[in-house]
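Residue numbers (numbering that gives the first Met the number 0): 0 to 303. Presented below is the structure to which this report refers.
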Amino acid sequence: MRVIFMGTPDFSVPVLDAIFDGGNEIAAVYTQPPRPAGRGKKERPGPVHQHAEALGLEVRHPTSLKGEEEQAAFAALNADVAVVVAYGLLLPQAVLDAPRLGCVNVHASDLPRWRGAAPIQRAIMAGDLRTAVCLMQMEAGLDTGPVLLREPVAIAPDETAATLHDKLSLAGADIVRRGLPQLASLTPQPQPDEGVTYATKIDKSEAKVDWTAPAAHIDAQIRGLSPFPGAWTTVGGKRLKLLLSRVANGAGTPGEVLDGLKVACGDGAVEISRVQPEGKGPMDAADWLRGARIAPGDRLGDDA
Numbered sequence: 000m001r002v003i004f005m006g007t008p009d010f011s012v013p014v015l016d017a018i019f020d021g022g023n024e025i026a027a028v029y030t031q032p033p034r035p036a037g038r039g040k041k042e043r044p045g046p047v048h049q050h051a052e053a054l055g056l057e058v059r060h061p062t063s064l065k066g067e068e069e070q071a072a073f074a075a076l077n078a079d080v081a082v083v084v085a086y087g088l089l090l091p092q093a094v095l096d097a098p099r100l101g102c103v104n105v106h107a108s109d110l111p112r113w114r115g116a117a118p119i120q121r122a123i124m125a126g127d128l129r130t131a132v133c134l135m136q137m138e139a140g141l142d143t144g145p146v147l148l149r150e151p152v153a154i155a156p157d158e159t160a161a162t163l164h165d166k167l168s169l170a171g172a173d174i175v176r177r178g179l180p181q182l183a184s185l186t187p188q189p190q191p192d193e194g195v196t197y198a199t200k201i202d203k204s205e206a207k208v209d210w211t212a213p214a215a216h217i218d219a220q221i222r223g224l225s226p227f228p229g230a231w232t233t234v235g236g237k238r239l240k241l242l243l244s245r246v247a248n249g250a251g252t253p254g255e256v257l258d259g260l261k262v263a264c265g266d267g268a269v270e271i272s273r274v275q276p277e278g279k280g281p282m283d284a285a286d287w288l289r290g291a292r293i294a295p296g297d298r299l300g301d302d303a
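Below, the structure written as structure tokens:
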């Protein structure tokens with residue numbers, strides 16, 4: 000098939016590879032423009048941009064697709080389909096209609112649950128036991144289009160946003176690898192009206208741990224925000240990011256250290272196994288504890 004690929008972050012790269020390795024003709028790769036990054040704020044192309052260039056593909060990075068000139072350039076590619084994976088720009092109707100088979104989107108949730116920007120984090124934070132990758136026919140609404148293929152993915156008890164991201168990225172590549180050859184014959188399944196939820200963008204204000212919450216909630220918050228932006232608490236007035244945890248037996252005053260880095264919550268306790276102190280890199284909690292001078296009875300979140 001003649002394909003336009005549209006994606007930007009690491010999540011999208013395996014899907015691009017699946018299309019490329021499947022013998023399809025990639026007419027062009029659309030991605031977000033290079034962004035300032037690093038200490039020098041030098042413009043740096045994103046992961047898809049870099050990977051597409053390494054494959055020798057044409058890369059386009061318009062700031063918008065709303066203009067007639069950009070839409071005409073898109074239509075002139077005469078593609079059979081556009082595959083969209085975490086692209087980051089709104090696709091106007093003229094763009095959606097341009098390819099012969101329209102535009103399909105790889106969405107990292109069990110639609111209609113978790114439509115929107117942060118489905119991976121929201122699924123973990125909500126305590127979901129499973130999610131999915133969907134290949135969806137795109138339309139003007141936010142992730143409202145009919146589903147062409149669905150691949151269920153289990154959420155493990157120790158799942159973080161990082162590990163689930165990688166699982167779903169590979170599942171997305173697989174669903175595109177299977178779906179593209181039979182795309183014209185797939186039967187679109189309209190999404191039901193029941194069960195719709197929205198995965199709103201993560202706000203930094205959600206990252207501070209409230210130790211009065213139940214242990215299950217805090218554990219899901221920690222894992223769902225790991226590694227970025229990272230759930231955090233304070234120790235001695237300094238921030239400590241909490242990157243990996245599990246629900247544990249124990250009780251005490253919310254925020255009280257019970258043993259090691261087992262911490263009492265409003266109901267139950269969580270055991271923290273990986274942290275990132277302010278100004279330092281991630282490390283195992285046991286390594287941090289050796290120099291942290293934390294003892295049972297101390298409280299985290301002591302600046303609240």
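Using N, Cα and C, we set each Cβ at its ideal position, and we do this for glycine too.
Inset, instruction - Out of Ala153, Lys261, Ala78 and Val83, state which residue places its alpha-carbon closest to the alpha-carbon of glutamine 136. - result: For glutamine 136, the nearest C-alpha among the options comes from Val83.
Legend entry - Segment contact flag, the stretch 219-226 with the stretch 115-133, C-beta cutoff 8 Å, min 3 pairs: They touch, by the three-pair rule.
Inset, instruction - State the DSSP-derived secondary structure class of glycine 337, mapped to helix, strand or coil. - result: With the chain running from 0 to 303 in the structure shown, residue 337 is simply not present.
Legend entry - For proline 189 and proline 145, believed in contact at Cβ under 8 Å, the rounded distance: That pair is a contact at about 5 Å.
Legend entry - Collapsed DSSP secondary structure at proline 228 in the structure displayed: Coil, per DSSP.
Legend entry - Residue range of the unbroken alpha helix (DSSP H) whose run includes glutamine 92: First-last of the alpha helix (DSSP H) with glutamine 92: 92-96.
Inset, instruction - Evaluate the contact criterion for the stretch 102-111 versus the stretch 204-218: three or more CB pairs, one atom per stretch, below 8 Å. - result: The stretch 102-111 makes no contact with the stretch 204-218, as fewer than three CB pairs between them are under 8 Å.
Inset, instruction - Starting from the Cα of leucine 288, find the closest Cα among Ala263, Ala250 and Val234 and give me that residue. - result: Looking at the Cα atoms, Val234 is the closest of the given residues.
Legend entry - Simplified DSSP state of lysine 237, which is helix, strand or coil: Reduced to three states, the DSSP call for lysine 237 is strand.
Inset, instruction - Count the C-beta pairs between the stretch 175-193 and the stretch 271-284 that are closer than 8 Å, then say yes if the count reaches three, no if not. - result: Contact between the stretch 175-193 and the stretch 271-284 is absent, because fewer than three Cβ pairs lie under 8 Å.
Legend entry - Residues near alanine 17 by beta carbon distance below 7 Å, same chain, minus five either side: The residues are Ala172, Val175 and Arg176.
Inset, instruction - Starting from glutamine 70, trace the beta strand (DSSP E) both ways and give me its first and last residue. - result: Annotation for glutamine 70: no beta strand (DSSP E) segment contains it, though the alpha helix (DSSP H) segment containing it runs 67-74.
Inset, instruction - Could you tell me the distance, in whole angstroms, from the CA atom of aspartate 9 to the CA atom of leucine 15? - result: When only Cα atoms are considered, aspartate 9 and leucine 15 end up about 10 Å apart.
Inset, instruction - Scan the stretch 147-201 and note each continuous alpha helix (DSSP H) run of 4 residues or more that stays entirely inside, going in chain order. - result: The stretch 147-201 contains, as complete alpha helix (DSSP H) runs of 4+ residues, the segments 160-178 (chain order).
Inset, instruction - Verify whether the separation of the beta carbon atoms of glycine 140 and alanine 198 is less than 8 Å. - result: When the beta-carbon positions are compared, glycine 140 and alanine 198 stay at least 8 Å from each other.
Legend entry - Own chain partners of leucine 257 with C-beta closer than 7 Å, once the 5 adjacent residues on each side are dropped: Once the five neighbours on either side are set aside, the close Cβ partners of leucine 257 are Gly249, Gly251, Ala263, Ala268 and Pro295.
Inset, instruction - Determine, using beta carbons only, whether glutamine 181 and glycine 229 come nearer to each other than 8 Å. - result: No, these two residues do not count as a Cβ contact at 8 Å.
Inset, instruction - Report all residues from its chain with a CB closer than 8 Å to the CB of glutamine 70; omit the five preceding and five following residues, and keep chain order. - result: Cβ neighbours of glutamine 70 within its own chain (closer than 8 Å, five residues either side excluded): Leu64, Pro91, Ala93, Val94 and Ala97.
Legend entry - Sequence-distant residues of the same chain with beta carbon closer than 7 Å to leucine 54, five excluded per side: Non-local beta-carbon contacts of leucine 54 in its own chain, meaning distances under 7 Å to residues more than five positions away in sequence, involve Phe19 in chain order.
Inset, instruction - Mind checking which residues open and close the alpha helix (DSSP H) that includes phenylalanine 10? - result: Counting along the chain, phenylalanine 10 falls outside any alpha helix (DSSP H), and DSSP gives it neither H nor E.
Legend entry - Closest by C-alpha distance to histidine 50, when choosing among Gly6, Leu88 and Gly21: Out of Gly6, Leu88 and Gly21, the CA that lies nearest to the CA of histidine 50 is found in Gly6.
Legend entry - Nearest-angstrom Cα separation, counted from histidine 164 out to valine 58: One C-alpha to the other measures close to 25 Å.
Inset, instruction - Give me whichever residues DSSP pairs with arginine 34 in a beta bridge. - result: Bridge partners of arginine 34: Arg43.
Inset, instruction - Tell me, please, which residues DSSP counts as bridged to glycine 115. - result: Looking at the DSSP assignment, glycine 115 forms a beta bridge with Ala198.
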